[in-house]
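Contents: one structure, followed by commentary.
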């Protein structure tokens with residue numbers, strides 16, 4: 492059984508309330524339930540985590556070392572400037588997929604840059620909640636087990 496951490500960063504706890512035209516009306520709880528439902532046929536244990544605090548996210552990544560087989564990460568705004576988060580991902584050697592509900596490349600220019608992209612095995616943008624499931628499918632492939 493693979494153990495996957497699904498991690499969401501700042502302001503994602505406000506999904507369903509904030510910027511509905513960009514992020515939709517589903518809450519983070521709705522999205523987590525969607526992922527859980529789609530994953531029911533896989534041999535996977537999911538852990539969901541959300542924090543608005545960069546240090547807490549880094550601590551959670553460190554805690555995953557040796558305990559998780561993969562990470563699905565929507566780092567929110569930290570995507571664009573958190574070299575500390577980038578270094579944490581790099582230091583734990585766990586396959587990590589970067590996910591964004593919206594297409595960051597079609598939004599404001601500052602959102603086009605991802606400082607974590609190079610330390611992740613893939614970046615999935617603009618697929619809404621399905622992007623998390625796509626990331627999970629990618630992590631379930633055996634080719635990422637020994638990274």
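Numbering (the working numbering), first residue to last: 492 to 638.
Where is the CB? At the ideal position from N, CA and C, for every residue including glycine.
> DSSP beta-bridge partners for residue 498?
Replying inline: For the purposes of this step, residue 498 is identified with residue 7 of the chain shown, where counting begins at 1. Bridge partners of residue 498: 540, 564.
>> Just to confirm the assignment, what range does the alpha helix (DSSP H) spanning residue 597 have?
In response: For the purposes of this step, residue 597 is taken as the residue at position 106 of the chain shown. Here residue 597 belongs to no alpha helix (DSSP H), and DSSP marks it neither H nor E.
> Among 603, 538, 575, which one has its Cα closest to the Cα of residue 627?
Replying inline: Numbered from 1 along the chain shown, position 136 holds the residue referred to as residue 627. When each option's Cα is compared against that of residue 627, the closest is 538.
>> Taking the straight line between their C-alpha atoms, what separation do you get for residue 613 and residue 531?
In response: Position 122 of the chain shown holds residue 613. Position 40 of the chain shown holds residue 531. Roughly 23 Å separates the two Cα atoms.
> If you compare alpha carbons, which of 522, 495, 540, 494 is closest to residue 592?
Replying inline: What you label residue 592 is simply residue 101 of the chain shown in a count that begins at 1. Among 522, 495, 540, 494, the Cα nearest to that of residue 592 is on 522.
> Secondary structure at residue 615, three-state DSSP: helix, strand or coil?
Replying inline: Along the chain shown, one-based indexing puts residue 615 at 124. Residue state, collapsed to three classes: strand.
> residue 590: which of 572, 566, 573 sits nearest, CA to CA?
Replying inline: Position 99 of the chain shown, counting from 1, holds the residue named residue 590. Closest option to residue 590, Cα to Cα, is 566.
> Below 8 Å between beta carbons: does that hold for residue 580 and residue 610?
Replying inline: Start at 1 with the first residue of the chain shown, and residue 580 comes out as number 89. Start at 1 with the first residue of the chain shown, and residue 610 comes out as number 119. In this structure, residue 610 lies closer than 8 Å to residue 580 by Cβ.
> So residue 588 is in the alpha helix (DSSP H); what residue range does that whole segment cover?
Replying inline: Taking the first residue of the chain shown as position 1, residue 588 is located at position 97. Premise fails: residue 588 lies in the beta strand (DSSP E), 587-591, not in any alpha helix (DSSP H).
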